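Novice:
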Amino acid sequence: MAKVIRIRCHFSIPFLISWISQVMTLELGDVLATGSPSGSCPMKSGDVVTVEVKNIGKICNYVK
Numbered sequence: 002m003a004k005v006i007r008i009r010c011h012f013s014i015p016f017l018i019s020w021i022s023q024v025m026t027l028e029l030g031d032v033l034a035t036g037s038p039s040g041s042c043p044m045k046s047g048d049v050v051t052v053e054v055k056n057i058g059k060i061c062n063y064v065k
């Protein structure tokens, strides 16, 4: 399972929250999906991308 590697992030989480808040209102429970740096984890058909939030649930997306 992939883990967040913050040192490779292009922008900090506080910066992203500030930037997004300038164009829309963030509500309690909103999720910001930040992605990965280019080339860090190439996907191919048949791969599964799973996002899970503790005590809420998870969603699985299948790559075609």
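My numbering puts the first residue of the sequence shown at 2, with every later residue one more than the last.
The beta carbon of each residue, even a glycine, is placed where N, CA and C say it ideally should be.
This one's a predicted model, so the numbers in the text were calculated from it and none came from an experiment.
Per DSSP, what kind of secondary structure is ILE60 in: helix, strand or coil?
Specialist: The sequence position of residue 60 within the sequence shown is 59, counting from 1. ILE60: strand per DSSP, three-state reduction.
Novice: Among residues of its own chain, excluding the 5 on either side of ILE18, which ones have a beta-carbon nearer than 8 Å to its beta-carbon?
Specialist: On the sequence shown, position 17 is the one that residue 18 refers to. Closer than 8 Å at the Cβ level, and outside the excluded window around ILE18, lie LEU27 and LEU33.
Novice: Determine whether the beta carbon atoms of LYS45 and VAL52 lie at a separation below 8 Å.
Specialist: Taking the sequence shown and counting its residues from 1, the one referred to as residue 45 is at position 44. Taking the sequence shown and counting its residues from 1, the one referred to as residue 52 is at position 51. Their beta carbons are not under 8 Å apart, which means LYS45 does not touch VAL52 by this criterion.
Novice: Leaving aside the five residues before and after VAL50 along the sequence, list all residues of the same chain whose C-beta is less than 6 Å from its C-beta, in chain order.
Specialist: Counted from its first residue, the sequence shown places residue 50 at position 49. Within the same chain, VAL50 has close Cβ partners ASN62.
Novice: Does any residue of chain D bring its CB to less than 8 Å from the CB of VAL24?
Specialist: This model lacks chain D altogether, as it is built from one protein chain only.
Novice: When the distance is taken between beta carbons, is GLY36 closer than 8 Å to VAL64?
Specialist: For the purposes of this step, residue 64 is taken as residue 63 along the sequence shown, with counting starting at 1. For the purposes of this step, residue 36 is taken as residue 35 along the sequence shown, with counting starting at 1. Contact flag unset, no.
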